[in-house]
Amino acid sequence: MRKALMAMAAVSLAIPASMAVPTDGANARRHYEYREWRGRDGRMYCRKSNGTTGLIVGGVGGALVGRAIDTRGDR
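Residues -20 to -1, 1 to 55 in mature numbering (1 follows the signal peptide of the UniProt record, and there is no 0) are what the sequence shown lists, from first letter to last.
Okay, here's the thing in structure tokens:
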């Protein structure tokens, strides 16, 4: 029984490692690019996901939860 459990544990660790195959260069580089285009007015526009929105929402949410938890104390 112990050997069977050890074998299953080894297989469960080996399968995800074998699934992580490297991609070709074009697909790997595409992940780091962001969309950039020139508008009708000649200005450059870009759409880059850098996490700013999540940072702001997380900060506001954390402040509200912290205030709800700590109802007593100095403010």
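Glycine residues also receive a C-beta, built at the ideal position from the N, C-alpha and C atoms.
| query | result |
| --- | --- |
| Euclidean distance between Cα positions of I49 and G22 | 50 angstroms |
| Helix, strand or coil at P(-20) [DSSP, three-state] | A small correction: the amino acid at residue -20 is Met; Pro does not occupy that position in the sequence shown. DSSP places M(-20) in coil when its eight states are reduced to three. |
| Assigned secondary structure, R47 (DSSP; H/G/I helix, E/B strand, else coil) | helix |
| Limits of the unbroken beta strand (DSSP E) element including R15 | R15 to R18 |
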